[in-house]
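Order-wise, the sequence lines are chains V and D. Numbering (this note's numbering) for the first sequence: -16 to 708. Numbering (this note's numbering) for the second sequence: -16 to 708. Beneath this line is the structure, given in structure tokens, with notes to follow.
There are 2 protein chains.
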Amino acid sequence: MDLTSFLTSLGTSFAIFVILMFLFAWLSRKPGNTVIYYPNRILRGLDPWEGGSKTRNPFAWIKEALTSTEQEVISMSGVDTAVYFVFLSTVLGILVLSSLILLPVLLPVAATDVGDKLSINATSNGTFSDLNKLSMGHLQEKSHRLWAFLIGVYWVSFVTYFLLWKAYKHVSSLRANALMSPHVKPEQFAILVRDIPAAPAGQHRKEQVDSYFKTVYPDTFYRSLVVTNNKEVNKIWEKLEKYKKKLARAESIYAASKNTGNAEGKRPTNKTGFLGLCGNKVDSIDYYTEKINELIPKLETEQKATLREKQENAALVFFTNRVTAASAAQTLHAQIVDTWTVTEAPEPRQVLWPNLKIKFFQRQVRQYVVYIFVALTVVFYMIPIAFISAFTTLDNLKKLLPFLKPVVNRTAIKTVLEAFLPQIALIIFLALLPKFLFFLSKAEGIPSQSHAIRAASGKYFYFTIFNVFLGVTIGGTLFSTLKTIEKDPNSIVTLLATSLPGNATYFLTFVALKFFVGYGLELSRIVPLIIFHIKRKYLCKTEAELKAAWLPSDLGYGTRVPGDMLIITIVLCYSVIAPLIVPFGVLYFGIGWLVLRNQQALKVYVPAYESYGRMWPHMHVRILASLILYQVTMFGYFGVKKFVFAPFIIILPILSLLFGFICRKKFYRGFQDTAVEVAAHELKELPNMEQIYRAFIPLSLGSEKIDDDQFEDAQSHVSRAGSFA
Amino acid sequence: MDLTSFLTSLGTSFAIFVILMFLFAWLSRKPGNTVIYYPNRILRGLDPWEGGSKTRNPFAWIKEALTSTEQEVISMSGVDTAVYFVFLSTVLGILVLSSLILLPVLLPVAATDVGDKLSINATSNGTFSDLNKLSMGHLQEKSHRLWAFLIGVYWVSFVTYFLLWKAYKHVSSLRANALMSPHVKPEQFAILVRDIPAAPAGQHRKEQVDSYFKTVYPDTFYRSLVVTNNKEVNKIWEKLEKYKKKLARAESIYAASKNTGNAEGKRPTNKTGFLGLCGNKVDSIDYYTEKINELIPKLETEQKATLREKQENAALVFFTNRVTAASAAQTLHAQIVDTWTVTEAPEPRQVLWPNLKIKFFQRQVRQYVVYIFVALTVVFYMIPIAFISAFTTLDNLKKLLPFLKPVVNRTAIKTVLEAFLPQIALIIFLALLPKFLFFLSKAEGIPSQSHAIRAASGKYFYFTIFNVFLGVTIGGTLFSTLKTIEKDPNSIVTLLATSLPGNATYFLTFVALKFFVGYGLELSRIVPLIIFHIKRKYLCKTEAELKAAWLPSDLGYGTRVPGDMLIITIVLCYSVIAPLIVPFGVLYFGIGWLVLRNQQALKVYVPAYESYGRMWPHMHVRILASLILYQVTMFGYFGVKKFVFAPFIIILPILSLLFGFICRKKFYRGFQDTAVEVAAHELKELPNMEQIYRAFIPLSLGSEKIDDDQFEDAQSHVSRAGSFA
């Protein structure tokens, strides 16, 4: 790629970004769009803008983002979002501090060298670009100028250590502050108990759990909630909710028809068969009312049956203070370790109920099976893609789906399909991957959503690094030089090192495209806006439906963080080889910080859960992993340049491992468990235990119609006579 | 070694054993020897024999040992000893069950084969023995009879899994029962807190600790005991104790002289100089009384200074109930993990006070340094020995210690010295090794004696397996075939496999010698008896000195277990190759069980500490390690025999690893921590907290002369106004 085409691509991306930004400035001022651009504020009952919508400066959001404090972010979107911004600003800091040395020193050093004949020769056939002059590839072999680059590697590494250390300390205190908050949070008063052994004969599960914990914690035990198998009751409840929604919709259509047409209105009808397309035509309001009246007693019966007969081997146990709960969650309860296992209770909204009953060793087995499966996916992901590609050729499609034949045989369609089918298959596979990884992580038996998302995010990270970064870099050269690797496995580092410079401009363009177009789309929210307006116009009939149409998703850690990680890895690995990439990295994280801070943290996204910054250690360790990859690559690249002092680099990966070890020892357990000194802080008010307990009752069981007596079976107080076996 | 010489050696060992056993039967009946043969019973205030000494059957001890229950062992010598017997009987069970199949099946299968030409040729030059006919080495290559041996390997493995599983369960319940004992044990009410950060300005360490724990545990915190640097005060206290003993001795000599000689008696005198050999002659009683009077106020001053000024960054914290203490010891206290680290408190008698102040990361560094050092010692232990040998040649000695010259130059002495100096050096080195390893383990910063002993025992185990077993087996063949290994590292398994059969009779003799002579000496206690009688006759003047002369040591886990482990490894590895070794193993562990049960567990040894069976997981994992070594060796040996079904063996090491993993997951944490369900059992009486607290005050600080006011500084209640920072 020569300089002109690079600049063209850059210019196009930038133009798109500017257009999208103006679009945002214009669209976000229209009052009808506030639910798309300020949903988080609206949900919290705040005024979308603080000033008036008309007088507002179109770039006011930039000022608002820059002046917002961390406390504001925490109060608007929680600790997890604040931690994500610590992550962004730490990376930004690393890149800015790195560029302060790398740009003014390395660029002149490289540009003024006479040039490496080899690289000139290799690239002189028309594609040689001026950009290469500014990279380490331009230097002569064994040049003493390489010292500057070696020092550059050290500088980047130490800047990273320093800022990561500061960030870890900061995030640790953020977490502590959130956990010692004087506000009552239900999950801080509960623990999750799994692997409860079979109840002794003549004792109910409920009695067993209560008497066990009452013996151990006579003063602080409040009550327990035995987990039940809610599959059936959920099914009925969801059906009921669906009919309720449909009834509301039918009533609203009826009311609207009264206003517009005749005074009597037109009662809406629907068909009872498959998807409302066939079957008898019935009056919707009557039909749904009848269905609802049918389901309500059914739900009640099922609720009772569930509470009484479908108790499982897990329970939530509530304590009257935070210290006991925090301490109990970390303490071994039974002499045989695979019974009565305890963990901190997840937030009520993120409990993965069906996972709770999975037994100790089954969880272990599931975990290892998933790990092996993911490792195979990461390494051999080309195989399913190749399989899909082969499967989706036109000839195969014609064979399998013969009714497509007349369509496919038209020349124009045929050409397009032939060109795009494999790519579409790849895109679909890659788009499904995060969901697939999340599904796999849930299958491990993890009890909370945030934990499953962290696990999926880790898997996705390894996937992207392995396949996108290493794949693109080494990919092309790999197959032609496979024999070299077979002879000497160490050459993989050399291979990576030699492949890197050639791909520098490719990744430069990639990063630029990603932040200009990606963040442009993010900021303008064009897609959600269009979908919302279509839905509002043609589909939504009730208030609830309208709200569902604009309700924002959450920040989407699971895929966002691995995406950022890929950029970090790319920028770090090229930082010394082609320092010109660093400003692009700075732009990516700078614009990302700004756009996400304003739009997403403060105004748009609503977090789906709060894990009190538990994602941070994973981010930390992955930045470190990128750094180690970079250091190892640089060691290889100095070797390629035949620089005799290359071994000086070996110290760095060792230092990185040591740094990671120290950080893990010093901070990690503080993220796994709640420190009691933190939990011991005083609360603002006396906790309302009944409310805390009710927060954990699943919606499908929580109907007000069920009175307390019926809860006795699985959830409420047990008689004080419980004895300990 | 041919059959005759083997039988001779066996016969001699057996004869020695019989003689020693009769010696024991005769000596133990003499009333003057009861303190040597029944010290544990005497210390507990029990009658040495239940019957009369004269009418007693000389073999009554065998009956007593066989009829004694586990509960008796626990009450006499504690859980650790009982666990040691579980270990012995588990191994005994494994060997007995193995031999039930191996002996009647494998011996005939081997003996009736036509024989392996190769092995006949190799051993036909005079040393061929009939014993080899009974071993697997006698079989022809590729023989189908090898199937029987392969099944034998499976049988031994599954017997081991089964009995280890049962034993782990049993030991786990032993530990639980001991921990839930209704008797008050001070260590169950305390936790050890280390890495306390610097106290804020204007606050004493004591206040800091008290206010910290009072905030977290407002209801159950009792008081704290800040660890002080007792080096100085210990020195003075030991001096004082020494003088007190000497005074008692002088007084007793004086009293004795009154009875025997003139009525006035003869006042004993001593010299004040070096070792009492030079200096002024003084009256002993006056001199020691004066010294004691000098030291008492000095001790008191130092005690006050220590409590006030020498407080360190560690403390023992006491709680009013066991559940809180057990739970607190497992709970993260500070958000920053390397401060306020907590562990269970060790028993008062086994606290390693000087280690408590060592900081978190220093402990990590020390641990890794020690590990590396031990690994080097294990691998390169020949080097220091060679160095010592070289250093202790006569010529070197003469140069370094010229005054020895006239002695050394005499021919007779010279010959003896030249022959034995290297061996003596080796013996000294090996004898010092356990002490050296214990010293290294203490240097890791471990807070309790039992933990340090476990750590030393592990190191000793690796040392013996690596050097004695692998050394002897491979040693000879290794150097001649070093080139083969360099070419192909896998051949080390083959090498081990080929070396094994040749050494079978060597190890047979070794095991026989070890149990006949070793346990004979153990039973008869000849050495302690002689030493005691010499001391009583010539040295002891007071009651205290006499008691010190017969006071037994403890069981000596640290070296005993690795010794037994070596035997297990040998017997297991040869069990299928030469099944004849199994009965010897059975004898070793059978006689061992009998001798140790009677003599040591019930009547002689007094345990120095109680760790509630924490040694067991280590024993378990090491038996499993021996089993894996055996399985890998057998895989190699089947390969040597060119048996095409040898790969069937590969499943076994994998199974063993899986078994170890499951056991670890299911039981291990129950040995690391105290389960709260166990700690929650009711106590017989209300604990006397003052007594519990006083149990941890070091002797040198615990003089009754110090009244409670002076303890305020480092040990007692703080004012209730303590606030939490």
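Ideal placement from N, C-alpha and C gives every residue a C-beta, glycine not left out. Quick caveat: nothing in here was measured; it's all calculated off a predicted structure.
Margin query: On the CB-based measure, 16 or more other CB atoms within 10 Å of its CB, does Q715/V come out buried or exposed?
Written below: Nothing about residue 715/V can be reported from this structure: the residues present for chain V run from -16 to 708 only.
Note to self: Using 8 Å as the cut-off, can you tell me whether the region 300 to 311 of chain V makes contact with the region 195 to 210 of chain V, which would need three or more C-beta pairs spanning the two stretches below that distance?
What the structure shows: Counting Cβ pairs under 8 Å, three or more are found: they touch.
Check: In the region 315 to 346 of chain V, which residues sit with their C-beta less than 8 Å from some C-beta in chain D, listed in chain order?
Finding: Flagged, chain order: L315, H316, A317, Q318, I319, V320, D321, W323, F343, F344.
Checklist line | For K648/V and F298/D, the rounded distance between their alpha carbons | finding: Here residue 298/D corresponds to residue number 315 of the second sequence, with the count starting at 1. Here residue 648/V corresponds to residue number 665 of the first sequence, with the count starting at 1. The amino acid at residue 298/D is misidentified as Phe; the sequence shows Ala. Looking at the two C-alpha atoms, the distance is approximately 22 Å.
Check: Any idea if A159/D is buried or exposed, counting beta-carbon neighbours within 10 angstroms, 16 or more meaning buried?
Finding: Counted from its first residue, the second sequence places residue 159/D at position 176. Buried, by the Cβ-count rule.
Next item on the list: Work out the CA separation of V142/D and Y595/D for me, nearest whole Å.
Entry: For the purposes of this step, residue 595/D is taken as the residue at position 612 of the second sequence. For the purposes of this step, residue 142/D is taken as the residue at position 159 of the second sequence. So the two alpha carbons sit approximately 27 Å from each other.
Notebook entry, point to check: Is the Cβ-Cβ distance between Y592/D and S440/D less than 7 Å?
Noted result: Taking the first residue of the second sequence as position 1, residue 592/D is located at position 609. Taking the first residue of the second sequence as position 1, residue 440/D is located at position 457. In this structure, S440/D does not lie closer than 7 Å to Y592/D by Cβ.
Next item on the list: Using a Cβ cut-off of 7 Å, pull out every chain V residue sitting near D63/D, in sequence order please.
Entry: Within the second sequence, the letter at position 80 stands for residue 63/D. The contacting residues do not exist; D63/D stays about 17 Å from chain V at best.
Checklist line | Proximity winner among I513/V, E673/V, M59/V, P562/V, relative to L83/V (alpha-carbon distances) | finding: Taking the first residue of the first sequence as position 1, residue 83/V is located at position 100. Answer by Cα proximity: P562/V.
Check: Which residues, taken in chain order from the region 171 to 201 of chain D, show a beta carbon closer than 8 Å to some beta carbon of chain V?
Finding: Those would be Y195, T198, V199, Y200, in chain order.
Next item on the list: Quick one: using the 10 Å Cβ neighbour count with 16 as the cut-off for buried, is N338/D buried or exposed?
Entry: Translated into positions along the second sequence, residue 338/D becomes position 355. The residue is buried, with at least 16 neighbouring Cβ atoms inside 10 Å.
Notebook entry, point to check: Do we get a CB-CB distance below 7 Å when we pair Q294/D with the residues of chain V?
Noted result: Your numbering for residue 294/D matches position 311 in the second sequence. By this cut-off, Q294/D is not an interface position.
Check: Do you know offhand how far G546/V's Cα is from T447/V's?
Finding: Taking the first sequence and counting its residues from 1, the one referred to as residue 546/V is at position 563. Taking the first sequence and counting its residues from 1, the one referred to as residue 447/V is at position 464. Spanning the two alpha carbons is a distance of roughly 8 Å.
Check: So which residues on chain D does V348/V lean against when the C-beta distance must stay under 9 Å?
Finding: In the first sequence, residue 348/V corresponds to position 365, counting from 1. Contact of V348/V with chain D by beta-carbon distance below 9 Å is absent, the smallest such distance being about 11 Å.
Margin query: Rounded to whole angstroms, what is the Cα-Cα separation between E283/V and E277/V?
Written below: As a position in the first sequence, residue 283/V is number 300, starting the count at 1. As a position in the first sequence, residue 277/V is number 294, starting the count at 1. Those two C-alpha atoms are separated by around 11 Å.
Checklist line | Rounded C-alpha distance that separates F462/V from C646/V | finding: In the first sequence, the residue the question calls residue 462/V occupies position 479. In the first sequence, the residue the question calls residue 646/V occupies position 663. Per-residue confidence for F462/V stands at a pLDDT of 43, beneath the threshold of 50, marking its modelled position as unreliable; no derived number is given.
Next item on the list: Decide yes or no for the touch test of the region 286 to 305 of chain D against the region 669 to 679 of chain D: beta carbon pairs closer than 8 Å, at least 3 of them.
Entry: With the cut-off at 8 Å, the region 286 to 305 of chain D and the region 669 to 679 of chain D touch.
Item checked: Residues of its chain near A182/V, where Cβ-Cβ distance is below 8 Å and the 5 sequence neighbours each way are ignored -> Against the first sequence, residue 182/V aligns to sequence position 199. Same-chain partners within the cutoff: R188, E190, Q191.
Next item on the list: Give me the Cα-Cα distance between A531/V and N671/V, rounded to the nearest whole angstrom.
Entry: For the purposes of this step, residue 531/V is identified with residue 548 of the first sequence, where counting begins at 1. For the purposes of this step, residue 671/V is identified with residue 688 of the first sequence, where counting begins at 1. Those two C-alpha atoms are separated by around 31 Å.
Margin query: Among the candidates M617/D, T360/D, A584/D, whose CA atom is the shortest distance from the CA of F68/D?
Written below: The residue labelled residue 68/D in the question sits at position 85 within the second sequence. Of the candidates M617/D, T360/D, A584/D, the one whose C-alpha sits nearest the C-alpha of F68/D is A584/D.
Next item on the list: Return the chain-ordered list of same chain residues with a C-beta closer than 6 Å to the C-beta of V139/D, the five sequence neighbours on each side being excluded.
Entry: Indexing the second sequence from 1 puts residue 139/D at position 156. So the list reads S81, S558, once near-sequence residues are dropped.
Checklist line | Residues of the region 656 to 677 of chain D whose Cβ lies closer than 7 Å to any Cβ of chain V, in chain order | finding: Cβ contacts with chain V: D656, A658, V659, E660, V661, A663.
Next item on the list: Using a Cβ-Cβ cut-off of less than 7 Å, list which residues of the region 125 to 143 of chain D approach chain V; keep chain order.
Entry: Residues are counted here when their Cβ sits less than 7 Å from a Cβ of chain V; for the region 125 to 143 of chain D the count is zero.
Margin query: Taking DSSP's pairing of strands, which residues face L175/D in a bridge?
Written below: As a first step, residue 175/D is located in the second sequence; it is residue number 192 there, counting from the start. Note: L175/D sits in a beta bridge opposite L299/D, T326/D.
Note to self: Taking its Cβ as the centre, do 16 or more other Cβ atoms sit within 10 Å of S536/V, making it buried, or is it exposed?
What the structure shows: Stepping through the first sequence from its first residue, residue 536/V is reached at position 553. Flag for S536/V reads exposed.
Notebook entry, point to check: Does the beta-carbon of V1/V have 16 or more other beta-carbons within 10 angstroms, so that it is buried, or is it exposed?
Noted result: Taking the first sequence and counting its residues from 1, one reaches residue 1/V at position 18. Answer is exposed; the Cβ neighbour count stays below 16.
Checklist line | Buried versus exposed, by CB contacts within 10 Å (16 or more), R652/V | finding: As a working note, residue 652/V is residue 669 in the first sequence. Looking at its Cβ environment, which holds 16 or more other Cβ atoms inside 10 Å, R652/V is buried.
Check: Which value, in whole angstroms, describes the spacing of the CA atoms of S12/V and R346/V?
Finding: The residue given as residue 12/V occupies position 29 in the first sequence. The residue given as residue 346/V occupies position 363 in the first sequence. Here the sequence assigns Arg to residue 12/V, which means Ser is not the residue at that position. Here the C-alpha atom of R12/V lies approximately 51 Å from the C-alpha atom of R346/V.
Next item on the list: Return the bridge partner residues of Y254/D from the DSSP annotation.
Entry: Position 271 of the second sequence, counting from 1, holds the residue named residue 254/D. Looking at the sequence shown, residue 254/D is not Tyr but Lys. K264/D, per the DSSP bridge assignment.
Next item on the list: Just list the beta strand (DSSP E) runs in the region 149 to 227 of chain D, keeping only unbroken ones of 3 residues or longer that don't cross its boundaries, in chain order.
Entry: Counting only runs of 3+ residues, the beta strand (DSSP E) found wholly inside the region 149 to 227 of chain D occupies 173 to 177, 204 to 211, in chain order.
Item checked: Residues of the region 592 to 618 of chain D with Cβ closer than 7 Å to any Cβ of chain V, in chain order -> Under the 7 Å Cβ criterion, the region 592 to 618 of chain D contributes no residue.
Item checked: Which listed residue (L529/D, I509/D, Y502/D) has its alpha carbon closest to that of R543/D -> By one-based count along the second sequence, residue 543/D stands at place 560. Checked all of L529/D, I509/D, Y502/D; the closest Cα to R543/D is Y502/D.
Next item on the list: Grab the span of the alpha helix (DSSP H) containing V623/V for me, first residue to last.
Entry: Here residue 623/V is taken as the residue at index 640 of the first sequence, counted from 1. Run containing V623/V: 599 to 623, per the alpha helix (DSSP H) assignment.
Margin query: Taking 8 Å as the cut-off, does the region 161 to 175 of chain V touch the region 656 to 663 of chain V (at least 3 CB pairs, one atom from each stretch)?
Written below: With the cut-off at 8 Å, the region 656 to 663 of chain V and the region 161 to 175 of chain V touch.
Check: Taking L610/D as the reference, which of T552/D, G573/D, Q582/D has the closest Cα?
Finding: Within the second sequence, residue 610/D is the residue found at index 627, counting from 1. Distances from the alpha-carbon of L610/D to those of T552/D, G573/D, Q582/D put T552/D closest.
Note to self: Let me make sure I understand the geometry here. Which of N263/V, E285/V, F145/V, P251/V has the alpha-carbon closest to that of K214/V?
What the structure shows: For the purposes of this step, residue 214/V is taken as the residue at position 231 of the first sequence. Checking every option, the nearest Cα to that of K214/V belongs to E285/V.
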